[in-house]
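Take the sequence shown: its position 122, counted from the start at 1, is 141 in the numbering used here, and no numbers get skipped.
C-beta atoms are modelled at their ideal positions from N, C-alpha and C, and glycine is treated no differently.
Read through the structure below, which is laid out as structure tokens, and then see the notes.
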Amino acid sequence: MTRRVTVTFDNGPTAGVTSGVLDLLARRGIATTFFVIGRKLLDPDAAALAEAAHAAGHWIGNHTFTHSVAFGDDPDAAYAAREIEATQALIGPLAHPDRLFRPYGNSGKIGPHLLSRAAADLLARQRYTCVLWSSVPGDWRDPEGWVDRAVADVAARDWTVMVLHDIATGCLPRLAELIARLDDLGVTWTQEFPDDVVLLRAGRPVSLSATHLAEA
Numbered sequence: 020m021t022r023r024v025t026v027t028f029d030n031g032p033t034a035g036v037t038s039g040v041l042d043l044l045a046r047r048g049i050a051t052t053f054f055v056i057g058r059k060l061l062d063p064d065a066a067a068l069a070e071a072a073h074a075a076g077h078w079i080g081n082h083t084f085t086h087s088v089a090f091g092d093d094p095d096a097a098y099a100a101r102e103i104e105a106t107q108a109l110i111g112p113l114a115h116p117d118r119l120f121r122p123y124g125n126s127g128k129i130g131p132h133l134l135s136r137a138a139a140d141l142l143a144r145q146r147y148t149c150v151l152w153s154s155v156p157g158d159w160r161d162p163e164g165w166v167d168r169a170v171a172d173v174a175a176r177d178w179t180v181m182v183l184h185d186i187a188t189g190c191l192p193r194l195a196e197l198i199a200r201l202d203d204l205g206v207t208w209t210q211e212f213p214d215d216v217v218l219l220r221a222g223r224p225v226s227l228s229a230t231h232l233a234e235a
């Protein structure tokens with residue numbers, strides 16, 4: 020069985036980190052998606068890193084403006100609109116044609132906190148592609164154990180969509196090790212997303228269910 024891996028990077032761009040991630044990916048020829056935080060793009064240096072990622076063939080996705088409160092925990096439609104639309108405006112021409120969006124997951128948990136009804140309606144109406152994950156190995160909280168956990172996650176399924184972080188406490192110190200170990204498993208690296216982690220694709224429901232939605 021050939022296992023597929025889609026690796027993604029959340030919570031950047033971060034000076035002194037994202038550039039190192041880009042260098043490692045370029046050496047191996049791996050294309051990914053960077054799900055960026057909107058407020059970070061207000062910093063010209065961070066915006067330049069997003070531009071560099073895009074120029075290198077990586078996709079740029081929206082990971083909310085503040086990364087602070089999950090949409091399901093704040094059902095206010097205006098809050099969802101601000102978090103999504105302000106970030107998309109800052110991404111601007113770097114945006115993927117499918118308008119990639121990843122909700123704040125609160126440490127990678129799947130549940131009704133992910134989306135309010137208002138957020139889901141906005142994403143559908145504006146034809147976003149809402150992408151979740153199947154592996155969150157915890158690079159930011161467990162520097163010793165996350166690589167083993169990531170490899171185990173990949174070994175356990177046919178196609179893994181992994182969340183890593185291009186932040187100061189994230190994956191960079193051991194990213195080369197992870198790539199080498201997954202290469203040893205014979206994985207195929209892909210930039211695409213399987214349907215099981217895609218709630219909406221260009222605004223159309225794929226795997227969206229009540230599991231992901233807060234009660235109105």
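In the three-state DSSP reduction, G111 falls in the helix class (H, G or I). Annotation: the continuous beta strand (DSSP E) that includes V24 extends over R23 to D29. The segment 56-72 makes no contact with the segment 218-230; the number of CB pairs closer than 8 angstroms stays below 3. Excluding residues up to 5 positions away in sequence, A50, T51, T52 and F53 lie with their Cβ nearer than 7 angstroms to the Cβ of H77 in the same chain. Put simply, the backbone Cα of H73 is about 16 angstroms away from that of A108.
By DSSP's assignment, M181 forms a beta bridge with V26 and S154. Here the segment 100-114 makes no contact with the segment 165-182; the two share fewer than three CB pairs at distances below 8 angstroms. For the pair R168 and P94, the Cα-to-Cα distance works out to about 34 angstroms. The C-beta separation of F120 from A105 comes to about 13 angstroms, leaving the pair out of contact by the 8 angstroms criterion.
Runs of the alpha helix (DSSP H) lying entirely within the segment 60-84 and spanning at least 4 residues, in chain order: 63-74. Distance check between A34 and each of K59, I79 and E211 places K59 closest, using alpha-carbon atoms only.
Secondary structure note for L44: its alpha helix (DSSP H) is the uninterrupted segment T37 to R47.
With contacts defined as CB atoms closer than 9 angstroms, C190 and L197 qualify as a contacting pair. Distance from the Cα of S228 is smallest, within the candidate group V170, S135, D158 and L204, for S135.
Judged by DSSP in its simplified three-state form, R136 adopts helix.
Listed in chain order, the non-local C-beta contacts of V88 below 8 angstroms within the same chain comprise Y98 and Y123, local neighbours out to five positions each way being set aside.
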